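Per full-length UniProt numbering, the very first residue in the sequence shown carries number 1; after that it's consecutive. Even glycine gets a Cβ: it sits at the ideal position worked out from N, Cα and C. Keep in mind that this is a model prediction, so the values were computed, not measured. Structure first, commentary second.
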Amino acid sequence: MARHEYVLEMNGISKEFPGVKALDDVTFKVRPGSVHALMGENGAGKSTLMKCLYGIYAPDAGEIVLDGEKVQIQSSKDALGYGISMIHQELHPVPFRNVMENIWLGRFPTKGFFPFRFIDHKQMYKDTKELFKQLDMDVDPNMIVGRLSVSKVQSIEIAKAVSYQSKIIIMDEPTSSLTSVEVEHLFRMIRDLKKRGVAIIYISHKMEEILSICDEVTIMRDGQKIGTWPASELTTDLMISKMVGRDLTQRFPDRDHAPGEVLLEVRGLTSPHPASFKDISFQLRQGEILGIGGLVGAQRTELIEALFGLRGIASGTVLIRGKEVKIHTPGDAIKHGMALLTEERRVTGIFPVLPVHENASIANLNRYRRLLFFLDGRKKKKEADLMVEKLRTKTPTTRTLIMNLSGGNQQKVLLARWLLTDPDILLLDEPTRGIDVGAKFEIYTIIKDLAKQGKSIVMISSEMPELIGMSDRIMVMSGGRLTGILDGSSASEEEIMRLAARHA
Numbered sequence: 001m002a003r004h005e006y007v008l009e010m011n012g013i014s015k016e017f018p019g020v021k022a023l024d025d026v027t028f029k030v031r032p033g034s035v036h037a038l039m040g041e042n043g044a045g046k047s048t049l050m051k052c053l054y055g056i057y058a059p060d061a062g063e064i065v066l067d068g069e070k071v072q073i074q075s076s077k078d079a080l081g082y083g084i085s086m087i088h089q090e091l092h093p094v095p096f097r098n099v100m101e102n103i104w105l106g107r108f109p110t111k112g113f114f115p116f117r118f119i120d121h122k123q124m125y126k127d128t129k130e131l132f133k134q135l136d137m138d139v140d141p142n143m144i145v146g147r148l149s150v151s152k153v154q155s156i157e158i159a160k161a162v163s164y165q166s167k168i169i170i171m172d173e174p175t176s177s178l179t180s181v182e183v184e185h186l187f188r189m190i191r192d193l194k195k196r197g198v199a200i201i202y203i204s205h206k207m208e209e210i211l212s213i214c215d216e217v218t219i220m221r222d223g224q225k226i227g228t229w230p231a232s233e234l235t236t237d238l239m240i241s242k243m244v245g246r247d248l249t250q251r252f253p254d255r256d257h258a259p260g261e262v263l264l265e266v267r268g269l270t271s272p273h274p275a276s277f278k279d280i281s282f283q284l285r286q287g288e289i290l291g292i293g294g295l296v297g298a299q300r301t302e303l304i305e306a307l308f309g310l311r312g313i314a315s316g317t318v319l320i321r322g323k324e325v326k327i328h329t330p331g332d333a334i335k336h337g338m339a340l341l342t343e344e345r346r347v348t349g350i351f352p353v354l355p356v357h358e359n360a361s362i363a364n365l366n367r368y369r370r371l372l373f374f375l376d377g378r379k380k381k382k383e384a385d386l387m388v389e390k391l392r393t394k395t396p397t398t399r400t401l402i403m404n405l406s407g408g409n410q411q412k413v414l415l416a417r418w419l420l421t422d423p424d425i426l427l428l429d430e431p432t433r434g435i436d437v438g439a440k441f442e443i444y445t446i447i448k449d450l451a452k453q454g455k456s457i458v459m460i461s462s463e464m465p466e467l468i469g470m471s472d473r474i475m476v477m478s479g480g481r482l483t484g485i486l487d488g489s490s491a492s493e494e495e496i497m498r499l500a501a502r503h504a
């Protein structure tokens, strides 16, 4: 069989949704045995293009060619049949079943004769061990998936994709929840797949990773392809300018706010769980941005969730404006002027099947209450619309379902939600996770403006340039303990890493 230059050709792909042209005559070609990055701001059309390839959407125009042959992909089952697998950013394994059952789900090996056919667990175990041996993976096939780390689950998803004899594997933000050690393991697996001739389509906003692992880079903007380049010819600045259509000379807004008096004080906060945070003390000033750095497992999220009443506190004191407060529930936190933007916006943030204005107003319904259980719908929508517009959110209308917005615009709606409660303290957990560089700058600008207005902000971030570029002070945690507090204007990545690894 003749080997074609491209394992995949998507020619002239167009796709339109009500009020938006998501893809406009896009051509995308991938060589066998290569890692091809697909980049662009949120809303550029990357996900829509991949959903057309994977059979989730049907393109309005264009053709898909695999190994020189034109194909029709009308479902994910068709895509898998053609050797195309997709590993989504949000992993959805069956948590209460074991590893091998997750890998062979829907295609278990069987034994016996009809009508007495049974699942052949012995064969499934053998097949799984053989698959793991090929991929140099050390995972027990009988282990329950819900007990595994995110990186292990991601490895299992890759193994599952390989088990389909995939020629093309789409990886959507594969390193968003991984440590640097886990990222290196993923890269080893990717290099091994390359040697076997598998093509990887790699979607990520992490430019250093793309320059490290990818062979070619295709950049999209506003539903159109801007171009394809060898990764060796690109730099971070070049990629940014091609993505946003302009030179982004500033990655972070200027520091032009001055913190005031102490607003929040935490003394000796300790979790009831021995493996979680212990004896944490810090202060947060009015109009201050306090960054929290640390590696995966540092218990940063657990700390701010406890502050917001989502987790229990065994001991310790929380003071606001010098007065001790008791926060047992999120309702208590909101009454004391707190707001929490969670890390997983799709899981614990947005209500995907509700429109933008409902998502924005849902934390503030008491404000619109009229006569018993009735709400003033007109006032609710008007205030939500104004806040969404104030944050320059790109949406056809506020009646658009939030699930149809890009990640950056979803995040703006969630910020609007909490700003409508008029909080004094904003707890932001990875506020720019999975958001492109242009949208990041807009979120940074909003955060800096809030600090200028006197709002106090606690911001967890795993990106050290973001911590340094945004924070007035940086609090570093490791293994549930506070290991140091640095001045944001003079902190270095080396100092943060040293403190983050102190007890690791």
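Can you tell me whether Glu-208 is buried or exposed? The criterion is at least 16 other CB atoms within 10 Å of its CB, across all chains shown.
With fewer than 16 neighbouring CB atoms inside 10 Å of its own CB, Glu-208 falls in the exposed class.
Starting from Glu-182, trace the alpha helix (DSSP H) in both directions and tell me its first and last residue.
180 to 195 is the extent of the alpha helix (DSSP H) around Glu-182.
Is the Cβ-Cβ distance between Leu-415 and Val-458 less than 8 Å?
Contact check for Leu-415 against Val-458 fails: the beta carbons are separated by 8 Å or more.
Using the DSSP secondary-structure output, state which residues sit across from Asn-98 in a beta bridge.
Ile-144
To the nearest angstrom, how far is it from the Cα of Thr-301 to the Cα of Asp-429?
7 Å
Identified DSSP bridge partners for His-92
His-92 pairs with nothing; no bridge assigned.
Residue burial classification, Ala-504 (beta-carbon count within 10 angstroms, cutoff 16)
For Ala-504, the predicted model reports a pLDDT of 45, less than 50, meaning its position is unreliable; a value from the coordinates is still stated below. Result: exposed.
Buried or exposed for Arg-196, please, with buried defined as at least 16 other CB atoms from any protein chain shown within 10 angstroms of its CB.
exposed
Alpha-carbon spacing of Asp-424 relative to Phe-441, whole angstroms:
23 Å
What does DSSP give as the partner residues of Ser-478 in its beta bridges?
Arg-481
When the Cα of Leu-105 is compared with those of Glu-358, His-257, Gln-154, Ser-163, which residue comes out closest?
Ser-163
Checking 8 Å against the spacing of the C-beta atoms, do Ile-170 and Ile-219 come in under that value?
Between Ile-170 and Ile-219, the C-beta spacing is not below 8 Å.
Looking only at its own chain, which residues have a Cβ that is under 7 Å from the Cβ of Lys-21, when we skip the five neighbours before and after it?
These residues qualify, in order along the chain: Gly-223.
Residue environment, Phe-132, which counts as buried when at least 16 other CB atoms sit within 10 Å:
buried
Helix, strand or coil at Glu-324 according to DSSP, with G and I counted as helix
strand
For Asn-11, which residues does DSSP report across the bridge?
Glu-63
How many whole angstroms separate the CB atoms of Gly-62 and Asn-142, which I take to be in contact at a CB cut-off of 8 Å?
Actually they are not in contact, since the Cβ atoms of Gly-62 and Asn-142 sit about 45 Å apart, beyond 8 Å.
Is it buried or exposed for Asn-366, if we count other Cβ within 10 angstroms and need 16 for buried?
Exposed, by the Cβ-count rule.
Beta-carbon contacts of Lys-29 that lie in its chain and below 6 Å, excluding the five residues immediately before and after
Within its own chain, the residues whose Cβ lies closer than 6 Å to the Cβ of Lys-29, once the five positions on either side in sequence are excluded, are Tyr-6, Glu-9, listed in chain order.
For the candidate residues Ser-149, Ile-190, Gln-154, Val-183, whose alpha-carbon lies nearest to that of Lys-167?
Ile-190
Should Phe-374 go down as buried or exposed, given a rule of 16 or more other Cβ atoms within 10 Å for buried?
With fewer than 16 Cβ atoms within 10 Å of its Cβ, Phe-374 is classed as exposed.
Keeping to the same chain, check which residues put their C-beta closer than 7 Å to that of His-257; ignore five residues upstream and five downstream.
Gly-287, Lys-448, Ala-451, Lys-452
Consult DSSP for Ala-504 and reduce its assignment to one of helix, strand or coil.
Its pLDDT being 45, under 50, Ala-504 is placed unreliably in this model, and the value from its coordinates should be taken loosely. Reduced to three states, the DSSP call for Ala-504 is coil.
Looking at Gly-268: is its Cβ nearer than 8 Å to the Cβ of Gly-316?
yes
Suppose the cutoff is 8 Å on Cβ atoms and the five residues either side in sequence are ignored; what does the same chain contact list for Lys-152 look like?
Val-139
Please give me, in chain order, every unbroken run of the beta strand (DSSP E) with length at least 3 that falls completely inside the region 250 to 308.
262 to 270, 280 to 285, 289 to 293
Helix, strand or coil, according to DSSP, for Thr-110 in the structure here?
Strand.
Which whole runs of the beta strand (DSSP E) in the region 401 to 445 are 3 residues long or more, in chain order?
With a minimum length of 3 residues, the continuous beta strand (DSSP E) runs that stay inside the region 401 to 445 are 425 to 429.
Identity of the residues DSSP links to Asp-487 by a beta bridge
Arg-473
Just the C-alpha distance for Met-1 and Glu-69, rounded to the nearest angstrom, thanks.
For Met-1, the predicted model reports a pLDDT of 45, less than 50, meaning its position is unreliable and no value from the coordinates is stated.
Under 8 Å: do the region 274 to 294 and the region 233 to 241 share three or more Cβ pairs, one atom per stretch?
No, they do not touch.
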